[in-house]
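Q: Just remember that our numbering sits 313 ahead of the position in the sequence shown, which is counted from 1.
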Amino acid sequence: MKIFKVVGFSVFFLSLTLQLAAQKSYLDDADHALYKEEKYFEAIEMYKKAYVKEKGRDVKAEIIFKIAESYRLSDQTEQAEVWYDKSVIAQYADPIARLRLADMRMQNGNYDEALVEYQKYAAEVPSDNRGKIGIEAAKKAQQWKDNPENYIVEPEVLINSEYSDFSPTFTSRKNDQMIFTSTREGSTGTSISDVTGDNFSDLYYSDQDKKGKWSEPKLVEGEDLNTEGSEGAAVMNSRRNTLYFTRCMVEKNGYLGCSIYSAKKQGQKYSKSEKIAIASDSATIGHPALTPDDKVLIFASDLPGGQGGKDLWYIKEEKRGEWSKPINLGPQINTPQNEMFPYVHENGDLYFASDGHLGMGGLDIFVAKKKGENQWGNPENMKSPINSSANDFGIIFDGKDKGYLTSSREGGRGKDDIWRFYSPEPQFKLICLLKDLETGEVLSAGKVELIGTDGSKVEGETSAEGMAEFDIAKNTSYVITASKPGYLNAKGKETTVGVEESKIYSHLYELQPVTEDPIKLPEILYAFNSTELTEQAKDSLQELYKTLIDNPTIIIELKANTDSRGSGPYNLKLSQGRAESAVNYLISLGIDAARMVPKGYGEDNLLISDAEINKLATEEEREAAHQLNRRTEFSVLSFDFVPKPEVPEVPEMEEGGTEEPKTQEPDSTEE
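1. Who are the near neighbours of residue 656 in its chain, counting only those whose CB is closer than 6 Å to its CB and skipping five residues on each side?
2. Can you check the segment 516 to 600 for any beta strand (DSSP E) of at least 3 residues that lies completely inside it and give the ranges in chain order?
3. Using 8 Å as the cut-off, can you tell me whether the segment 718 to 734 makes contact with the segment 473 to 483, which would need three or more C-beta pairs spanning the two stretches below that distance?
4. DSSP three-state call for residue 687: helix, strand or coil?
5. How many angstroms separate the CA atom of residue 672 from the CA atom of residue 472?
6. Which one of 651, 611, 629 has the shortest CA to CA distance from residue 621?
7. Measuring only the C-alpha atoms, how far is residue 865 from residue 947?
8. With a threshold of 16 other CB atoms inside 10 Å of the CB of residue 721, please say whether the residue is buried or exposed.
9. Just the Cα atoms here: how many angstroms apart are residue 863 and residue 805?
10. Are the segment 390 to 407 and the segment 435 to 445 in contact at 8 Å, needing three or more beta carbon pairs?
11. Give the straight-line distance between the Cα atoms of residue 944 and residue 933, rounded to the nearest whole angstrom.
12. Using a Cβ-Cβ cutoff of less than 7 Å, which residues in the same chain neighbour residue 403 once the five nearest sequence positions on both sides are dropped?
13. Out of 874, 907, 904, which has the shortest C-alpha to C-alpha gap to residue 892?
14. To the nearest angstrom, report how far apart residue 677 and residue 705 are at their CA atoms.
15. Alpha carbon to alpha carbon, how far is residue 516 from residue 494?
16. What three-state label does DSSP hand residue 835 in the structure shown?
17. Taking the continuous alpha helix (DSSP H) assigned at residue 620, which residues delimit it?
18. May I have a chain-ordered list of the alpha helix (DSSP H) segments no shorter than 4 residues that lie completely inside the segment 437 to 477?
19. By the three-class DSSP mapping on this structure, what secondary structure does residue 801 have?
20. Specify the secondary structure class of residue 912 as computed by DSSP and reduced to three states.
21. Which residues bound the alpha helix (DSSP H) around residue 882?
22. Report the residue from 518, 486, 489, 488 whose alpha carbon sits nearest the alpha carbon of residue 497.
23. Determine the extent of the beta strand (DSSP E) in which residue 827 is found, giving its start and end residues.
24. What is the rounded straight-line gap between the Cα of residue 636 and the Cα of residue 559?
25. To the nearest angstrom, report how far apart residue 834 and residue 810 are at their CA atoms.
26. Considering only C-alpha positions, which residue in the set 854, 762, 766, 754 is nearest to residue 744?
27. Could you pull out every residue in the same chain whose Cβ sits closer than 6 Å to the Cβ of residue 974, ignoring the five residues on either side in sequence?
28. Tell me the DSSP secondary structure of residue 904 in three-state form.
29. Just verifying my parser: in three-state terms, what is the DSSP assignment at residue 496?
30. Thinking residue 699 and residue 466 are a contact (beta carbons under 8 Å), I'd like their distance in whole angstroms, please.
31. When you compare only the Cα positions, how much space is there between residue 712 and residue 499?
32. Can you give me the start and stop residues for the alpha helix (DSSP H) that residue 923 sits inside?
33. Which residues bound the beta strand (DSSP E) around residue 780?
34. Just mark residue 483 as buried or exposed, buried being the case when its beta carbon has 16 or more other beta carbons within 10 Å.
35. Does residue 857 pass the burial test, meaning 16 or more other C-beta atoms within 10 Å, or should it be called exposed?
36. Measuring CB to CB, does residue 535 end up less than 7 Å from residue 596?
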């Protein structure tokens, strides 16, 4: 259970502190005194009766505002928004009514409307930074809501009740048992809170079976663990043998405040609890959290010397059972508002709830990265969906990317509920677009084949838009082949190995159409008047090598052409030698000789005639034209090459071995 106040106490302190103070209080005859005693449900009814009887406009406006305050402090945010709006319309004198209206609209998720009210408040009271902060918060909240982080948040329905269930903590080494706080029916105490109308809170536990199902919650048993007062917001030490928790007590002589207690685990029960001496009994202290080594206890309190509201403090264990004086975490963590419900991750990072840092409405969960011993960096908002417009607090982790939190957001069962969160397995999608290399047109009815290192093989056909989509697996590499009849294949690679976030991969494959026209290769240079390949020529042939690898059934003719300088017979011989050199190089790379036919054409297929070359203005232009004529090309002769089956090598016989009998081949017989 958590009651939000923009300036005031958290739900837990309202439920564990103010409700107990209200219990000992008595009502004055005046409705204003009733409101001051924080009996909010009664206050609402009394103010409504007073409103009917009151005639003065200003007083009626003040009553409307106080009704709104009572709704806000009892965590009835929708009604609070309605009544703050009425107070603004009634021209309540204090501009705080507009700020409260903006806050309630934020907490109810009405970010656009909240932004308008913050802007008006900032104009009315420019000296108050809360207006400017609210403007930024409303804008950020909408952005975070529209672009959520990679988490899924779901209510833990087997644990939650129609009341308030909050602040879980693991109590077993395997994290398969948790203790949490609840105001459900069956609590130890018999009193009802004047603040919330619920029972005082108790500690409950639930066990998780091997299938991940949580058991029906039961009261935690101990000599004095659950009392007539309120217990909650607990934490277990790393050895899972000592429980620290918050208790707020009332005795006959009056309200005793809230303090942190500890109790030893004895089987499934707990020993008599002992109070941790931190400060005077008048201070409100609660929400314990422990560092991984159990040497530092962090808590929330309104101790003097803080930043305002509830702050986070810590004490260090100096001797067994003896703690240092409280140390404030400072203005980097604490604000003039409220910081509560701390939790320290096993890596040392500090998580806590705050309504003072930039948030989405109500309490938000923040993380401050560990920087050193008892030092943390600037808090970062966990954003949506960990946070919402409602109150979000009491987070714990079960590993790296999953755990539990408390929220009053919509979709739960009670006022506050325990929600599980986890980062889903990353999802990967591959989109392949096929186009004609020459025309740029998309290619429908093409085929895309994926072969993965996980042994998978999948095929897809391109749509009318030329696209084929695939869901691909994590930590897997793929070889991709794009093909279509009448085109050369194209291949690519992709991998999801080491990628931790969901991703869409886009590949473009431009397929070379196969026509009667030869396909030009990159410039292949030979030594002057020589058939010897230069290193640059070998690099240029890599493109043809890749084409032959990607298209294992094609048979090509490799065409070498010269310019017109030199005699025709000489050029023909030179080109034939160069074509053969290129083919021989490809054979050395492993291409089957039967797939390539070398053909020299000499100067028979000039792209630019001598007459056209002679018309060019400069020697540089003429030389470039001759270079275009000195080209190497290939054309596809067929698509029906069938590789010869590999013949296994016969192992050599060892000395003394027995030779297998040979099969006599029949003699050939001439006809």
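Ideal Cβ placement from N, Cα and C applies to all residues, glycine included.
A: Looking at the atomic coordinates:
1. For residue 656, same chain residues with a beta-carbon under 6 Å away, outside a window of 5 residues either side, are 602, 664, 708, 709 in chain order.
2. 543 to 549, 555 to 564, 567 to 579
3. yes
4. coil
5. Distance between the alpha carbons of residue 672 and residue 472: 28 Å.
6. 651
7. Cα-Cα distance, rounded: 15 Å.
8. buried
9. 10 Å
10. no
11. A direct Cα-Cα distance of roughly 18 Å separates residue 944 from residue 933.
12. 373, 374, 377
13. 874
14. If I take the Cα positions, the gap works out to 5 Å.
15. 5 Å
16. coil
17. Element bounds for residue 620: n/a, residue is neither H nor E.
18. 442 to 459
19. coil
20. strand
21. Its alpha helix (DSSP H) spans residues 881 to 901.
22. 518
23. Per DSSP, residue 827 belongs to no beta strand (DSSP E) and is neither H nor E.
24. 17 Å
25. Distance between the alpha carbons of residue 834 and residue 810 is about 35 Å.
26. 762
27. A caution first: residue 974 carries a pLDDT of 42, below 50, which makes its placement in the model too unreliable to give a value.
28. Taken through DSSP and simplified to helix, strand or coil, residue 904 comes out as coil.
29. coil
30. That pair is a contact at about 7 Å.
31. 33 Å
32. Here the alpha helix (DSSP H) through residue 923 covers 923 to 927.
33. Start and end: 780 to 785.
34. buried
35. buried
36. no
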